[in-house]
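Under my numbering, the residue at position 528 of the sequence shown is numbered 1298, and the numbers go up by one with no gaps.
Beneath this line is the structure, given in structure tokens, with notes to follow.
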Amino acid sequence: MPRYLVIVESPAKAKTIKKFLGTNYEVLASNGHVRDLPKSQLGIDVKNGFEPKYITIRGKGDLLAKLRKEAKRSDKIYLATDPDREGEAISWHLSQALKLDDKEFSRITFNEITKNAVKSSIKQARSIDLDLVNAQQARRMLDRMVGYLISPLLWAKVKRGLSAGRVQSVALRIICDREDEINAFVPEEYWNLEAEFEIKGKKKPLIAKLSNAKKVIRNEAEMNEVLKQLENAAFVVQEIKKSERIRKSPLPFTTSTLQQEAAKNLNFSTQKTMQLAQQLYEGIDIKGHGTVGLITYLRTDSIRISDEADAAARQFIKTKYGEEYVATEQNQGRSGKKIQDAHEAIRPTYIEYIPDEIKESLSRDQYRLYQLIWRRFVASRMQSAKYETTTMKINANEYRFTASTSKLVFEGFMSVYTPDEEEENDSGVAFDTLQEGDKLKLLKLKESQHFTQPPAHYTEASLVKTLEELGIGRPSTYAPTITTIISRRYVAKENKNLYVTELGEAVNNIMKCGFSSIVDVNFTANLESLLDCVEDGTVSWKTVISNFYPDLEEAVQSAHSKLDKIQIEDEVTDEICDLCGRNMVIKYGPHGKFLACPGFPDCKNTKPYLEKIGVSCPQCDGELVVRKTKKGRKYYGCVNNPECEFMSWQKPSSIRCQKCNSVMLEKGNKLVCMNEKCGNVVNNS
């Protein structure tokens, strides 16, 4: 009987696949990559055709010896790593490390770990796709060049232990740019007006909103003018219009949309989402069924679904909900950038594994993520939800008020999955008893003051969405990119929001000054397109590398000389060391600035550094200083904290508001009163 060897990445995956194959198949795991560029050097021969220098990863020697031994005993070898660029590269590295040139070996891929998919992949075995391998090699080498050439510059200019990355530096800049927008944002005052009417037979009043003011009502004086013109006005129903509104069923999950929804609905980080999805993909021991791969491959930007899975879902929906719930037209989504369509969207492998029925076999978080994926997929095969909406226009002199109400008449996919969406505006009461021409009895006019809000801070979900829209990175890079900038303390995560730390600002400023193209969004997106061309076989990977390296090397050399002047020296302060009497100096640590004695190592005294901003606290006699949250986000507080609780995210100015004497905050080139009810804004000259 012939003997076959199947090599996958993880032991969990090996265990799941083993049960699908006969006794003459041996399934072993490589535990991820077996070869990589050396950590101690660049590992790329830039003088001789940019050839990479691969070495065996430390600790993988015994594993490779075991794989070589099993390979010699086998008649044929199947390399069954993941169905993407990185998986293709791992298979190629295995073929090189195991010296399979003289052995019969093939590459097999499957989008889901099911018996049919695995057996079908063996029948469709192929050779390694070198274009995919080269695309991954190019990405790895580009990342290595950026990291190994720029990181030492950051060590020299800021402190050791920092890093630069081709994608992470762009992500950091995107967050910094949003922070700058928020800090420079000047709120503008505006007013809204609502009218409440009595409706016969209804306990609640009808609420309508002013919708056709000639211009935005900017202040109380303008609102009083509108109210004056509405005095004694007759409120008459001008038009009542009924219509149907369709809420389309959602698309099945891609890597990006799964990360976004898991963050919003389950409060999962991108890293946690990918870890849990990997577990669901590789296989879970389901009571009574053994080890089962519950979802399809988790790294994808395709929304395609196989015909078999589509048919199974439609049959399930027909049986459980009725034929009227089965979608007749499919939501195709938006077409834009190139889609990596080698595999499907993320979906359950078996529709019959209903989340609640296998809940006891899953951890709490595995269950919650699987339920989200299962419901989203089922919903994507269902009919759209339908609403009956009624809109009413009410005239009062030259002003118009509008009211609307909606009623769900067919829930469609919403019987399974309700997406997170903003609440619809509703009048508060149905107005089915009213007709056009009816005069309404006004109960009261309710004016309200508002201020425009700055752009929202990025969350992990919104950052992933932005990276995808801009074409930065690929599905496999989102989670490690965000994890890196948080772990390096460039960015702090508080209540889901991402905030730039002082360290992140310093690194971003150096990258913008010395390496503007590296952190340029369009340049990075174009590089991703070039990697796609390498995958298609239309561009040589060495062409991409050879065009990239010289410009990078020149920029690094220039930055070393140009940025010398910003090198941080120890700044002497007026603070006296309690132990030896020296003037203490400012040092930089992992969490930012601190005071240290210059007599180190003889004197090891340190103190927290409180940077005074030259502004008195408005609540006590203390001085305002720069402080940081535990996660590194900068704010301004009183030196007498915790006795005094004053704090502000924006920098307070020494200038007081001329209208109310409150603290003025610096926002770009403006000073804005901290008292929102005041709303005073002046130029910061």
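C-beta: ideal position from N, C-alpha, C; glycine also.
Everything numeric in this text was worked out from a predicted model, so none of it was measured.
Legend entry - N-terminal and C-terminal residue of the beta strand (DSSP E) that T1175 is part of: Residues 1169-1180.
Inset, instruction - Give the DSSP-derived three-state secondary structure of D1111 in the structure shown. - result: Note that D1111 has pLDDT 47, beneath the 50 cutoff, so the model's placement of it is unreliable and the number below is only indicative. Coil at D1111, not helix or strand.
Legend entry - For E1001 and K1216, believed in contact at Cβ under 8 angstroms, the rounded distance: Contact doesn't hold; Cβ gap of about 15 angstroms is too wide.
Inset, instruction - Could you spell out the range, first to last residue, of the alpha helix (DSSP H) harbouring E840? - result: Residue range 831-843 is occupied by the alpha helix (DSSP H) that includes E840.
Legend entry - the stretch 837-854 / the stretch 863-881 touching (three or more Cβ pairs under 8 angstroms): yes
Inset, instruction - My understanding is that N1375 touches C1347, with C-beta atoms under 8 angstroms, so please give their C-beta distance in whole angstroms. - result: Yes, they are in contact, since the Cβ atoms of N1375 and C1347 sit about 5 angstroms apart, within 8 angstroms.
Legend entry - Whole-angstrom distance between D1202 and E1158, CA atom to CA atom: Rounded to the nearest angstrom, the two C-alpha atoms are 12 angstroms apart.
Legend entry - Span of the beta strand (DSSP E) around M911: Not the beta strand (DSSP E): M911 falls in the alpha helix (DSSP H), residues 900-927.
Inset, instruction - Whole angstroms is fine: what's the gap from C1350's alpha carbon to C1373's? - result: Just so you know, the alpha carbons of C1350 and C1373 end up roughly 7 angstroms apart.
Legend entry - Spatial neighbours of G813 in its chain, beta-carbon cut-off 7 angstroms, leaving aside the 5 residues before and after: L807, P822, K823, R914
Inset, instruction - Take I860 as the anchor and find which of V1309, A1149, L1212, N801 has the nearest alpha-carbon. - result: N801
Legend entry - Cβ shell of M1417 (< 6 angstroms), same chain only, five flanking positions each side left out: Y1405, G1407
Inset, instruction - Inspect the CB distances between the stretch 1039-1046 and the stretch 1008-1017 and report whether three or more fall short of 8 angstroms. - result: no
Legend entry - Cut-off 6 angstroms between Cβ atoms - residues of its own chain near A1325, not counting five sequence neighbours on either side: Contacts found: F1285.
Legend entry - Pair within 8 angstroms by beta-carbon distance, L1021 and I987: no
Inset, instruction - Measure the C-alpha to C-alpha separation of D871 and K1398 and round it to an integer number of angstroms. - result: 58 angstroms
Legend entry - Rounded separation between N1267 and A1083 - CA only: For N1267 and A1083, the distance between alpha carbons rounds to 37 angstroms.
Legend entry - Of the residues V1199, S1331, L1240, the one placed nearest G971, counting alpha carbons only: V1199
Legend entry - Nearest-angstrom Cβ-Cβ length linking L1435 and K1421, presumed shorter than 8 angstroms: Taking the Cβ atoms as the reference, L1435 lies roughly 7 angstroms from K1421, within the contact range of under 8 angstroms.
Legend entry - Where A1262 falls, given that 16 or more other Cβ within 10 Å makes a residue buried: By the neighbour-count criterion, in which a residue is buried when 16 or more other Cβ atoms sit within 10 angstroms of its Cβ, A1262 is buried.
Inset, instruction - Consult DSSP for V1304 and reduce its assignment to one of helix, strand or coil. - result: helix
Inset, instruction - Please say whether A905 and E1238 have beta carbons closer to each other than 8 angstroms? - result: The answer is no: Cβ separation not under 8 angstroms.
Legend entry - Neighbour-count burial assignment, A738, 16 or more Cβ in a 10 Å radius: Only positions 771 to 1455 of the chain appear in this structure, which leaves residue 738 out of reach.
Legend entry - Extent of the continuous beta strand (DSSP E) run through K1034: Note, K1034: premise wrong, no beta strand (DSSP E); alpha helix (DSSP H) at 1025-1036.
Inset, instruction - Could you name the residues that DSSP lists as bridge partners for V1234? - result: Its beta-bridge partners do not exist; DSSP assigns none.
Inset, instruction - Inspect the CB distances between the stretch 1058-1071 and the stretch 1023-1037 and report whether three or more fall short of 8 angstroms. - result: yes
Inset, instruction - Would you check if the distance between the CB atom of G935 and the CB atom of V916 is smaller than 8 angstroms? - result: yes
Legend entry - Proximity to T1251 [Cα-Cα], best of V903, Y1269, E1230: E1230
Legend entry - Own chain residues within Cβ distance below 6 angstroms of R1104, not counting five before or after: For R1104, the pLDDT reaches just 48, beneath the cut-off of 50, and the residue's location in the model is therefore unreliable, leaving the point undetermined.
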